[in-house]
Ligand code: F6R
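Numbering (UniProt numbering), first residue to last: 351 to 740.
Shown next as structure tokens:
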């Protein structure tokens, strides 16, 4: 199997069917829809009593928090904040005994996150670690925790740990809702819908991975646009090595994570934006051929995403669009232009809360293919270390 892949990162991306399975295994009863997380069981009452929830992390782990913030807010009916560990410390955020502070860290050794954890422990808050390394500092210094069980991650760019963090956070939300006996039908229905969708998630992950030829083609199309820009006098040099990635709602975190991956391993400037921000500034960079990727998956934000698509199209920029399977006609109907519908890739349908997992995998593959095409060292990007302990 080792020889099938040219880098550890590529291998880790392709392990995600199995790692997603192991994040779920033993924690979900698909018959009764009950979720049980051994590492927090003894603290569930206290967790349910907490007044606010903070999710604290750095880099990709922050994006896992961002991706699940809305889901956790709904499931727990509490106010949920997402903060970078450094920003959290810079703000002197007032923390008390009644707060739940969740630390998300693949390595469990990130210095910035550890400092924020010390601060929360001193304030007497309840702390919960979500880590991939058993016995790591963050594991040891939190009151309780959830292991993401993704297996050793070697590539500097975090891939399989991210999707497992995402699942653990969603499971945490459901466990809180169930323990709280939040019986409001909306929360109960949502929990059941997520659990049913989790059962099918590993298979759908495989389906996404099987679309890699299309993603490779997308990498090629992006490079083609950038080459055209390089030759055009309409643009400046910055624009010829740049890419916008746009999402709304659940897909905003996907856009942010995609941009980080692309910068990190392909050394290409990429920016992940909330689609609603376009007209507040970023649109000024956009002209013909400026490469943009837009997520317009089936959820309650889809209409806004299509709106952003047309804002781009009216500036001569036709984005590459990710849609949900079965939405091809929906895309065509919403595309307000006489030209052919944009290049698009359809992802398997899941519940809106979990689509962020299926959507991030093509972005991991895209960053990999862009990096390969540009001759970058995928596993060991320049200037970076796997775990930032200083
Ligand atoms: C990006 C990446 C970093 C880490 C960050 C936090 O691919 O891997 O952004 O996510 O340094 O690391 P952990 O999760 O180990 O605390």
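Virtual Cβ for every residue (Gly too), placed ideally from N, Cα, C.
Just so you know, these numbers come straight off a predicted model, no measurement behind them.
Residue i Cβ short of 6 Å to ligand 1 heavy atom set
{"i": "residue 740", "result": "no"}
{"i": "residue 418", "result": "no"}
{"i": "residue 573", "result": "no"}
{"i": "residue 682", "result": "no"}
{"i": "residue 410", "result": "yes"}
{"i": "residue 434", "result": "no"}
{"i": "residue 717", "result": "no"}
{"i": "residue 507", "result": "yes"}
{"i": "residue 514", "result": "no"}
{"i": "residue 457", "result": "yes"}
{"i": "residue 701", "result": "no"}
{"i": "residue 460", "result": "yes"}
Nearest to residue i (by Cα), restricted to the options the options
{"i": "residue 740", "options": "394, 464, 411 and 397", "result": "464"}
{"i": "residue 621", "options": "637, 603 and 718", "result": "603"}
{"i": "residue 658", "options": "492, 669, 649 and 648", "result": "669"}
{"i": "residue 712", "options": "424, 513 and 653", "result": "513"}
{"i": "residue 472", "options": "479, 491 and 456", "result": "491"}
{"i": "residue 376", "options": "385, 478 and 415", "result": "385"}
{"i": "residue 652", "options": "438, 627 and 681", "result": "681"}
{"i": "residue 736", "options": "444, 517, 359 and 722", "result": "359"}
{"i": "residue 672", "options": "666, 665, 662 and 644", "result": "644"}
{"i": "residue 327", "options": "425, 368 and 636", "result": "Lying outside 351 to 740, the shown extent of the chain, residue 327 is not represented and no answer is given."}
{"i": "residue 562", "options": "364, 353 and 591", "result": "364"}
{"i": "residue 416", "options": "666, 721, 371 and 597", "result": "597"}
{"i": "residue 575", "options": "361, 636, 397 and 701", "result": "636"}
{"i": "residue 497", "options": "443, 633, 695 and 373", "result": "373"}
{"i": "residue 383", "options": "696, 548 and 477", "result": "548"}
{"i": "residue 409", "options": "697, 392, 667 and 609", "result": "609"}
{"i": "residue 378", "options": "591, 427 and 517", "result": "517"}
{"i": "residue 368", "options": "556, 423 and 411", "result": "556"}
{"i": "residue 440", "options": "527, 428, 423 and 462", "result": "462"}
{"i": "residue 529", "options": "393, 701, 723 and 689", "result": "393"}
{"i": "residue 732", "options": "614, 625 and 624", "result": "614"}
Residue i beta carbon near ligand 2 (any heavy atom closer than 6 Å)
{"i": "residue 359", "result": "Summarising the ligand content, the structure contains ligand 1 and does not contain ligand 2."}
Per-residue burial, residue i [other beta carbons within 10 Å of its own, 16 or more giving buried]
{"i": "residue 474", "result": "exposed"}
{"i": "residue 599", "result": "buried"}
{"i": "residue 580", "result": "exposed"}
{"i": "residue 539", "result": "exposed"}
{"i": "residue 553", "result": "exposed"}
{"i": "residue 502", "result": "exposed"}
{"i": "residue 366", "result": "buried"}
{"i": "residue 361", "result": "buried"}
{"i": "residue 412", "result": "buried"}
{"i": "residue 476", "result": "buried"}
Span separating the alpha-carbon of residue i from that of residue j
{"i": "residue 489", "j": "residue 387", "result": "15 Å"}
{"i": "residue 677", "j": "residue 648", "result": "8 Å"}
{"i": "residue 404", "j": "residue 629", "result": "31 Å"}
{"i": "residue 718", "j": "residue 589", "result": "21 Å"}
{"i": "residue 546", "j": "residue 699", "result": "13 Å"}
{"i": "residue 675", "j": "residue 436", "result": "40 Å"}
{"i": "residue 616", "j": "residue 430", "result": "33 Å"}
{"i": "residue 767", "j": "residue 433", "result": "Residue 767 lies beyond the residue range present for the chain, which begins at 351 and ends at 740; the question has no answer from this structure."}
{"i": "residue 693", "j": "residue 566", "result": "13 Å"}
{"i": "residue 469", "j": "residue 449", "result": "13 Å"}
{"i": "residue 536", "j": "residue 650", "result": "15 Å"}
{"i": "residue 560", "j": "residue 500", "result": "21 Å"}
{"i": "residue 485", "j": "residue 638", "result": "52 Å"}
{"i": "residue 515", "j": "residue 687", "result": "40 Å"}
{"i": "residue 419", "j": "residue 456", "result": "18 Å"}
{"i": "residue 389", "j": "residue 601", "result": "29 Å"}
{"i": "residue 646", "j": "residue 568", "result": "16 Å"}
{"i": "residue 481", "j": "residue 354", "result": "28 Å"}
{"i": "residue 356", "j": "residue 720", "result": "14 Å"}
{"i": "residue 634", "j": "residue 683", "result": "27 Å"}
{"i": "residue 458", "j": "residue 467", "result": "11 Å"}
{"i": "residue 714", "j": "residue 509", "result": "7 Å"}
{"i": "residue 709", "j": "residue 395", "result": "34 Å"}
{"i": "residue 542", "j": "residue 381", "result": "10 Å"}
{"i": "residue 558", "j": "residue 443", "result": "40 Å"}
{"i": "residue 564", "j": "residue 544", "result": "28 Å"}
{"i": "residue 666", "j": "residue 632", "result": "15 Å"}
{"i": "residue 447", "j": "residue 399", "result": "11 Å"}
{"i": "residue 371", "j": "residue 578", "result": "43 Å"}
{"i": "residue 727", "j": "residue 572", "result": "20 Å"}
{"i": "residue 511", "j": "residue 582", "result": "41 Å"}
Distance between beta carbons of residue j and residue i, contact taken as under 8 Å
{"i": "residue 460", "j": "residue 691", "result": "Not really, about 43 Å apart at Cβ, beyond 8 Å."}
{"i": "residue 729", "j": "residue 483", "result": "Residue 729 to residue 483, Cβ: 18 Å. No contact."}
{"i": "residue 641", "j": "residue 593", "result": "5 Å"}
{"i": "residue 605", "j": "residue 595", "result": "4 Å"}
{"i": "residue 551", "j": "residue 707", "result": "7 Å"}
{"i": "residue 453", "j": "residue 406", "result": "6 Å"}
{"i": "residue 619", "j": "residue 591", "result": "6 Å"}
Any chain B beta carbon closer than 7 Å to residue i
{"i": "residue 600", "result": "Here there is only one protein chain, and chain B is not present."}
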